[in-house]
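Engineer: In our numbering, the protein residues as written are 12 to 219. Backbone N, C-alpha and C fix where the C-beta goes; we use that ideal spot for every residue, glycine too. Below is the structure I would like to discuss, written out as structure tokens.
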Ligand code: SAM
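This is the structure:
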């Protein structure tokens, strides 16, 4: 997976490559999907949600430029796979998932794996996590209709956010850096994520 899907496509951050080589991705999917855990695809995790494609996880993580000292907010815990990678590469991770069964399974999985630097919340993450702000990094792992307004308020100056933004079926992966003038944005690539549903996202009955 790491050689063919990540290195060959330009993922070069050695910390990201090392952690993804070591992370047991098969433990983040149902047993029936374990044989496909290292394939080049997103896979279902229930409730119409997915564990993201390994390449997309690597690209987003690399774009966050983590040094090990950061306080990170992740919106969309999903299986907890991306959360575990962030927990390895940053100081602390605050992660929010809106679907209770998915949030509970991820918490149980990461606790069993021994992660002690992750704080879990089950809620609508489209408003961020004001009580815990500011954050050095913010990662949104579901497709937002627009850049969520909370980013400017909850991202520390100089901080980086990575967000898929666009239509419900296809988005642009945007890297935003908070400057004195607001968010400086750059598109990294096209992508397709499940929708970010909530007050500042898509309405659940109104996707597509
Ligand atoms: N990175 C995850 C992984 O490695 O398994 C995959 C995340 S999945 C593509 C997107 C997740 O975002 C889903 O679990 C979905 O329920 C969640 N989500 C969607 N809207 C949300 C919101 N407003 N707040 C929190 N989580 C949300």
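Assuming residue 111 is part of the beta strand (DSSP E), what are its boundary residues?
Structural biologist: For the purposes of this step, residue 111 is taken as residue 100 along the chain shown, with counting starting at 1. Here residue 111 belongs to no beta strand (DSSP E); instead the alpha helix (DSSP H) covers 111-123.
Engineer: Of the choices 34, 15 and 147, whose alpha-carbon is the least far from that of residue 189?
Structural biologist: On the chain shown, position 178 is the one that residue 189 refers to. Nearest option by C-alpha distance: 147.
Engineer: Indicate whether residue 138 and residue 210 have their beta-carbon atoms separated by less than 9 Å.
Structural biologist: Sequence index remark: in the chain shown, residue 138 carries index 127 (1-based). Sequence index remark: in the chain shown, residue 210 carries index 199 (1-based). For residue 138 and residue 210, yes; Cβs fall inside 9 Å.
Engineer: Cα separation between residue 202 and residue 49?
Structural biologist: Sequence index remark: in the chain shown, residue 202 carries index 191 (1-based). Sequence index remark: in the chain shown, residue 49 carries index 38 (1-based). Straight-line Cα distance between these residues: approximately 19 Å.
Engineer: Using CA coordinates, which residue listed in 76, 194, 160 and 200 is at the minimum distance from residue 175?
Structural biologist: Reading the chain shown from its first residue, position 164 is the one you call residue 175. Comparing Cα positions, the closest option is 200.
Engineer: I need the DSSP call for residue 72, collapsed to helix, strand or coil.
Structural biologist: Within the chain shown, the letter at position 61 stands for residue 72. In the structure shown, residue 72 sits in a helix (DSSP, three-state: H, G or I).
Engineer: Can you tell which of 38, 52 and 22 has its C-alpha closest to the C-alpha of residue 72?
Structural biologist: Counting from one through the chain shown, the residue named residue 72 turns up at place 61. Distances from the alpha-carbon of residue 72 to those of 38, 52 and 22 put 22 closest.
Engineer: Identify whether residue 219 lies in helix, strand or coil by the three-state DSSP scheme.
Structural biologist: If you number the chain shown from 1, residue 219 lands on position 208. Note that residue 219 has pLDDT 41, beneath the 50 cutoff, so the model's placement of it is unreliable and no number is given.
Engineer: Can you tell me which of the three DSSP states residue 53 falls into?
Structural biologist: Numbered from its first residue, the chain shown carries residue 53 at position 42. Coil at residue 53, not helix or strand.
Engineer: Exposed or buried, which one is residue 108 when buried takes at least 16 other CB atoms within 10 Å?
Structural biologist: Numbered from its first residue, the chain shown carries residue 108 at position 97. The residue in question, residue 108, is buried, as its Cβ has 16 or more Cβ neighbours within 10 Å.
Engineer: Identify, in the order they occur along the chain, each residue of the same chain with its Cβ nearer than 7 Å to the Cβ of residue 217, setting aside the five sequence neighbours on each side.
Structural biologist: Here residue 217 refers to the residue found at position 206 when the chain shown is read from its first residue. Any reading at residue 217 must be qualified, since the residue scores a pLDDT of 49, below 50, and its modelled position is unreliable; the value itself is stated next. Answer for residue 217: no residue qualifies.
Engineer: Between residue 72 and ligand 1, is there a pair consisting of the residue's CB and a ligand heavy atom that are separated by less than 8 Å?
Structural biologist: Translated into positions along the chain shown, residue 72 becomes position 61. Distances between the C-beta of residue 72 and the heavy atoms of ligand 1 are all 8 Å or more.
Engineer: In this structure, how does DSSP classify residue 42 when only helix, strand and coil are distinguished?
Structural biologist: On the chain shown, position 31 is the one that residue 42 refers to. The answer is helix: DSSP assigns residue 42 an H, G or I state.
Engineer: Hey, would you say the C-beta of residue 206 is under 8 Å away from at least one heavy atom of ligand 2?
Structural biologist: As for ligand 2, it is missing from this structure, which binds only ligand 1.
Engineer: Could you give the first and the last residue of the continuous beta strand (DSSP E) run that contains residue 196?
Structural biologist: The sequence position of residue 196 within the chain shown is 185, counting from 1. Counting along the chain, the beta strand (DSSP E) containing residue 196 begins and ends at 193-202.
Engineer: Out of 26, 161, 157 and 126, which one is the CA nearest neighbour of residue 74?
Structural biologist: Residue mapping note: residue 74 aligns to position 63 of the chain shown, counting from 1. Of the candidates 26, 161, 157 and 126, the one whose C-alpha sits nearest the C-alpha of residue 74 is 26.
Engineer: Please classify residue 99 as buried or exposed, where buried requires at least 16 other C-beta atoms within 10 Å of its C-beta.
Structural biologist: As a working note, residue 99 is residue 88 in the chain shown. Buried.
Engineer: Would the stretch 175-184 count as touching the stretch 115-125 if we require 3 or more Cβ pairs under 8 Å?
Structural biologist: Touching, no, given that fewer than three Cβ pairs across the two stretches are closer than 8 Å.
Engineer: Alpha carbon to alpha carbon, what distance is there between residue 105 and residue 130?
Structural biologist: Counting from one through the chain shown, the residue named residue 130 turns up at place 119. Counting from one through the chain shown, the residue named residue 105 turns up at place 94. Distance between the alpha carbons of residue 130 and residue 105: 5 Å.
Engineer: Just to check my reading of the structure: residue 96 and residue 60 have Cβ atoms closer than 8 Å, yes? What is that Cβ distance to the nearest angstrom?
Structural biologist: Position 85 of the chain shown, counting from 1, holds the residue named residue 96. Position 49 of the chain shown, counting from 1, holds the residue named residue 60. No, residue 96 and residue 60 are not in contact; Cβ-Cβ is about 18 Å, not under 8 Å.
Engineer: When every heavy atom of ligand 1 is checked, does at least one fall within less than 8 Å of the C-beta of residue 63?
Structural biologist: Within the chain shown, residue 63 is the residue found at index 52, counting from 1. Distances between the C-beta of residue 63 and the heavy atoms of ligand 1 include at least one below 8 Å.
Engineer: Taking 8 Å as the cut-off, is the beta-carbon of residue 6 closer than that to any non-hydrogen atom of ligand 1?
Structural biologist: Only positions 12 to 219 of the chain appear in this structure, which leaves residue 6 out of reach.
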